[in-house]
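The structure under discussion appears below in the form of structure tokens.
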Amino acid sequence: MVVEEDDAVRGTRRQRRVTPYLMLAPLLLGLFLLVYYPLFATIRLSFYRYAWNKPQAGMKYVGLTNYKRIFTDRQEFWPSMKNTGKFTAISTSLCILIGLGLAVFVDREFRGKTVYVSLLLLPTMIAPVVSGLTWKFMFDGLFGAVNYFIGLFGMEPIAWLSSKKTALGCVLVADIWQYSPFVFLVMLASLQAIPIDLFEAAKIDGASGWRLFTRLKLPMILPQLLLVGVIRLMDTFRIFDLIYLMTNGGPAGSTQTIGFLTYQRTFRHFKMGEGAVLAFFTLVAVLVMSWYFIKALLENARGLAR
Amino acid sequence: MKKLLIVMVVLFFASSIAFAAGDKEGGKKGAAEKPEKITIVVYEPTEAKGMEEFGKIFTEKYGIEVEVFSIPWANLHEKIIADLTAQTGTYDLIAIPGLWSLEFIYADYIEPLDEYWTNPDLPSFDIEDYPESIVNLVADDEHVYWIPHHGTTQILFYRKDLFEKEGFSPPETYEGMFEIAEFFTDNPDYPEVYGFGTTARQGEWASSTWCTWIWSWGGDFFDENWYPIFNDAKGVASLEAYAEAVNRFAPSDAPNWGNEEAGAAMQQGRLAMLQMWPQLAAAMEDPSQSKVVGKVGYAPMPKKELRFPRLGSWGLTISKYSENKDWAYRYLVEFNSAENVKNIHRPAGMVVCRLSVVNELAQDDELVQAVLESFEHTKERPGIPEIGQIIDVWGLAVSRAVTGDASAQVALNDAADKIEEILRDGGYIKD
Numbered sequence: 004m005v006v007e008e009d010d011a012v013r014g015t016r017r018q019r020r021v022t023p024y025l026m027l028a029p030l031l032l033g034l035f036l037l038v039y040y041p042l043f044a045t046i047r048l049s050f051y052r053y054a055w056n057k058p059q060a061g062m063k064y065v066g067l068t069n070y071k072r073i074f075t076d077r078q079e080f081w082p083s084m085k086n087t088g089k090f091t092a093i094s095t096s097l098c099i100l101i102g103l104g105l106a107v108f109v110d111r112e113f114r115g116k117t118v119y120v121s122l123l124l125l126p127t128m129i130a131p132v133v134s135g136l137t138w139k140f141m142f143d144g145l146f147g148a149v150n151y152f153i154g155l156f157g158m159e160p161i162a163w164l165s166s167k168k169t170a171l172g173c174v175l176v177a178d179i180w181q182y183s184p185f186v187f188l189v190m191l192a193s194l195q196a197i198p199i200d201l202f203e204a205a206k207i208d209g210a211s212g213w214r215l216f217t218r219l220k221l222p223m224i225l226p227q228l229l230l231v232g233v234i235r236l237m238d239t240f241r242i243f244d245l246i247y248l249m250t251n252g253g254p255a256g257s258t259q260t261i262g263f264l265t266y267q268r269t270f271r272h273f274k275m276g277e278g279a280v281l282a283f284f285t286l287v288a289v290l291v292m293s294w295y296f297i298k299a300l301l302e303n304a305r306g307l308a309r
Numbered sequence: 007m008k009k010l011l012i013v014m015v016v017l018f019f020a021s022s023i024a025f026a027a028g029d030k031e032g033g034k035k036g037a038a039e040k041p042e043k044i045t046i047v048v049y050e051p052t053e054a055k056g057m058e059e060f061g062k063i064f065t066e067k068y069g070i071e072v073e074v075f076s077i078p079w080a081n082l083h084e085k086i087i088a089d090l091t092a093q094t095g096t097y098d099l100i101a102i103p104g105l106w107s108l109e110f111i112y113a114d115y116i117e118p119l120d121e122y123w124t125n126p127d128l129p130s131f132d133i134e135d136y137p138e139s140i141v142n143l144v145a146d147d148e149h150v151y152w153i154p155h156h157g158t159t160q161i162l163f164y165r166k167d168l169f170e171k172e173g174f175s176p177p178e179t180y181e182g183m184f185e186i187a188e189f190f191t192d193n194p195d196y197p198e199v200y201g202f203g204t205t206a207r208q209g210e211w212a213s214s215t216w217c218t219w220i221w222s223w224g225g226d227f228f229d230e231n232w233y234p235i236f237n238d239a240k241g242v243a244s245l246e247a248y249a250e251a252v253n254r255f256a257p258s259d260a261p262n263w264g265n266e267e268a269g270a271a272m273q274q275g276r277l278a279m280l281q282m283w284p285q286l287a288a289a290m291e292d293p294s295q296s297k298v299v300g301k302v303g304y305a306p307m308p309k310k311e312l313r314f315p316r317l318g319s320w321g322l323t324i325s326k327y328s329e330n331k332d333w334a335y336r337y338l339v340e341f342n343s344a345e346n347v348k349n350i351h352r353p354a355g356m357v358v359c360r361l362s363v364v365n366e367l368a369q370d371d372e373l374v375q376a377v378l379e380s381f382e383h384t385k386e387r388p389g390i391p392e393i394g395q396i397i398d399v400w401g402l403a404v405s406r407a408v409t410g411d412a413s414a415q416v417a418l419n420d421a422a423d424k425i426e427e428i429l430r431d432g433g434y435i436k437d
């Protein structure tokens, strides 16, 4: 009898050990197939010379040659880094400012609020391809709506997408227009989740307006703000679709970004090794840049937990 | 538990290797069993209409369905390479431009067609009825790999109504073209008209149109040992002239023009002259879109030392991995018959190059005359596998010169350094 009880106990214990792994197995398999295997395959590919359109040349191990070639490229890589840095800094910060500003403005009751919020969210519902093409037509020098409107104020038409001074700005406008509503949505939800009694208590203590925002609202929504900041940072660093549709990296490389260069090197030039270097570099760069935000997020979470 | 996990991982990898695609033998040549369907991949939209129309005739005659995959130019190359690399045989017939010739031949992706038309069990084909310069784009010392259904050069579209009014003739020289362009630009009698336009967008567009200028100036891209020579005096002079034409005579956003934008500007009556491919002529005569129906004339590009426009050509090839090679070849031959070639010309957007047909069409067609005259001196850039990257480097250099980011000499010197590195890496330059 004692032996049967031991068997039963052992069986239950084994079941308890195995069951969590079995539950997680499909997810882990999916993660492995869709994330880790491609990641390690890409890193491996970065050490090889492999031209997709030259199968007769095969794959040849070249060590760090691809890395050296990319990081010493003054004509394409470093100008692309500069453009990407500018784009990321401006788009991320303006998206957050505009999104947060709109959220603070809308965080009150007024007539037509639902309709107003729905209209504000429209840009996020449009496919990026449609948005890119629409903005390209709007910025057209001969037939575009933007030149039509500035013409009403007596201004001369501008070659928006053909000038090095304005082309990147145009892509920024298209990007900020499309993604500020996403920031707005997250910030509005965060503001509306703050308990009302905190505001009432603060008002009783004499806080109002700017102090209320900086001392109460902002700290309460900081985790969400950091989160959207990280997401926008990642998205803007990898920008590709708008560049492809609007300018093809021109004029004179002024809108060429790391994301576009990665696409070019992989799918136009078919140099898979160099494309893998750029892809891996993008991953590392995004991780490094978002490290501060993630660290702040975790510290904030720990602080709340205490 | 750990052992179980290790066993699962090992089994997973083992099964991956077992199922990994190995080398696949292509369908055998001469396997004449009639398929249910043959598939064709073409460049949208120019090619698709002609292929689909003839596909109906082929289906009616043989009971074989013809499926046409029509893909935009920007994605066509990578789509085709992906299929050929995976050896799936999705496409029996593949339309390629002359620019990809060596890449496809070196990689052994396409079938030598001379082995088909000399096969007594298959229909013959008179390849001699095609310009040698075009046939040789996709040929090596031993074989021919395509039948080019579309072969043309860049030509000059011009507003014949405005030219007649002002007593101009299509310019014979670049100096003459500049004079006419200057007349129309900023002319109060023609407030909405600019003198000249071309596609100067960074990338293939700028590289493509500048080709015509550098060759006309007597320059070239490489010497016999593959060293870049396009940054010599002739190359620099041609790029300076090109940049001047774009900046002085074209609308201010021409530096970002591709074919669609440049064609639209001509269609809307904003240009007196346009350097363009003939297949856009159909758009000029489309009354639903064009404001210049019946007003556009076609002439060869002018000359500097020579008249030397860039050659552009598309043709069908048979995929090495096709399971239906014989029937694909039959479609190819019948599609390019003298009779069908007349049907696919211009109304379907193509500009055919079968000489017996073209010579007949040229009697009534100014556009065909312009192209025929341009065939005297024409060529394409070398179709090596690295050409995609090289074109992007050229395109960047042209864009830098046009926008004033760098002088033509500096832009071309930088491009020459980069391209020399690419060619060394590819084994073309051997020191």
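So the sequences go chain by chain: E and L.
Taken in order, the first sequence gives residues 4 to 309; the numbers are from this note's numbering.
Taken in order, the second sequence gives residues 7 to 437; the numbers are from this note's numbering.
Just so it is clear, CB atoms sit at the ideal spot from N, CA and C, and this is done for glycine as well.
Sub-7 Å separation of residue i and residue j beta-carbons
i: L/S258; j: E/G144; result: yes
i: E/F270; j: E/G252; result: no
i: L/V47; j: L/I100; result: yes
i: E/K274; j: E/A44; result: no
i: L/P284; j: L/S380; result: no
i: L/S107; j: L/G389; result: yes
i: L/L209; j: L/A256; result: The sequence as given places Gly at residue 209 of chain L; Leu does not occur at that position. Result no, Cβ atoms of L/G209 and L/A256 do not sit closer than 7 Å.
i: E/I224; j: E/C98; result: no
i: L/G56; j: L/V72; result: no
i: E/N69; j: E/E277; result: yes
i: L/V377; j: L/T158; result: yes
i: L/A122; j: L/L128; result: Correcting the residue type first, residue 122 of chain L is Tyr in the shown sequence and not Ala. Their beta carbons are under 7 Å apart, which means L/Y122 touches L/L128 by this criterion.
i: E/L191; j: E/F296; result: no
i: E/S83; j: E/I234; result: no
C-beta neighbour in chain L for residue i, strict 7 Å
i: E/N251; result: yes
i: E/S83; result: no
i: E/K298; result: no
i: E/A271; result: The sequence as given places Arg at residue 271 of chain E; Ala does not occur at that position. Yes, E/R271 counts as interfacial toward chain L.
i: E/K63; result: no
i: E/N56; result: yes
i: E/G278; result: no
i: E/Q18; result: no
i: E/Q227; result: no
8 Å contact criterion, which residue i and residue j should meet: CB distance rounded
i: L/G241; j: L/G225; result: 4 Å
i: L/G201; j: L/T191; result: 4 Å
i: E/A255; j: L/S405; result: 5 Å
i: L/G438; j: E/H272; result: Past the boundaries of the shown model lies residue 438 of chain L; chain L is included only from 7 to 437, so the question cannot be answered.
i: L/S222; j: L/R313; result: 7 Å
i: L/S139; j: L/K385; result: 7 Å
Residue-level contact to chain E via CB, residue i, 7 Å cutoff
i: L/Y409; result: The question names Tyr, but residue 409 of chain L in the sequence shown is Thr. It does; some Cβ of chain E falls within 7 Å.
i: L/K34; result: Summary for L/K34: the model assigns pLDDT 44, below 50, so the residue's position carries little reliability; its value from the coordinates is reported in the next sentence. It does not: the Cβ of L/K34 has no partner Cβ on chain E nearer than 7 Å.
i: L/L128; result: no
i: L/Q295; result: no
i: L/Q208; result: yes
i: L/G56; result: no
i: L/R165; result: no
i: L/A27; result: Reliability of the predicted coordinates at L/A27 is poor, the pLDDT of 42 falling under 50, and the value obtained from them is presented with this limitation in mind. No, L/A27 does not count as interfacial toward chain E.
i: L/Y112; result: yes
i: L/S492; result: Chain L is shown from 7 up to 437; residue 492 of chain L falls before or after that span and cannot be answered.
i: L/L402; result: yes
Can you list, in chain order, the residues of the stretch 257–283 of chain L whose Cβ is nearer than 9 Å to any Cβ on chain E?
The stretch 257–283 of chain L vs chain E, Cβ under 9 Å: P257, S258, D259, A260, P261, N262, W263, G264, E267, A270, A271, Q274, R276.
What are the complete alpha helix (DSSP H) segments, minimum 4 residues, inside the stretch 195–247 of chain L?
The qualifying runs are 210–222.
For the stretch 153–173 of chain E, which residues have a CB atom closer than 9 Å to at least one CB atom of chain L, in sequence order?
Those residues of the stretch 153–173 of chain E that come within reach of chain L (Cβ to Cβ, closer than 9 Å) are P160, I161, A162, W163, L164, S165, S166, K167, A170.
Within 8 Å of chain L by C-beta, residues of the stretch 129–153 of chain E in sequence order
Listed by position, the residues of the stretch 129–153 of chain E near chain L (Cβ gap below 8 Å) are D143, G144, L145, F146.
Scan the stretch 291–368 of chain L and note each continuous beta strand (DSSP E) run of 3 residues or more that stays entirely inside, going in chain order.
Runs of the beta strand (DSSP E) lying entirely within the stretch 291–368 of chain L and spanning at least 3 residues, in chain order: 302–306, 317–324.
Return the chain-ordered ranges of every beta strand (DSSP E) run that is complete within the stretch 129–163 of chain L and spans a minimum of 3 residues.
Counting whole runs of 3 or more residues, the stretch 129–163 of chain L contains the beta strand (DSSP E) stretches 153–159.
Please name the residues in the stretch 369–392 of chain L whose beta-carbon is closer than 8 Å to at least one beta-carbon of chain E, in chain order.
Answer set for the stretch 369–392 of chain L: P391, E392.
At a CB distance below 9 Å, what residues from the stretch 230–256 of chain E approach chain L? Give them in sequence order.
For the stretch 230–256 of chain E, the set of positions with a beta-carbon nearer than 9 Å to some beta-carbon of chain L reads Y247, M249, T250, N251, G252, G253, P254, A255, G256 in chain order.
What residues in the stretch 416–431 of chain L bring their beta carbon closer than 7 Å to a beta carbon of chain E?
Hits within the stretch, in order: D420, K424.
Counting only runs of 3+ residues fully inside the stretch 214–270 of chain E, write out the beta strand (DSSP E) ranges in chain order.
If we require 3 residues or more, the stretch 214–270 of chain E turns out to have no beta strand (DSSP E) run fully inside it.
Near-chain L residues of the stretch 186–198 of chain E (beta-carbon distance less than 7 Å), N- to C-terminal order:
Cβ contacts with chain L: none found.
Which of the residues in the stretch 77–102 of chain L, read from start to end, lie with their CB under 9 Å from any CB of chain E?
Residues passing the 9 Å Cβ filter: A80, N81, H83, E84, I87, A88, L90, T91.
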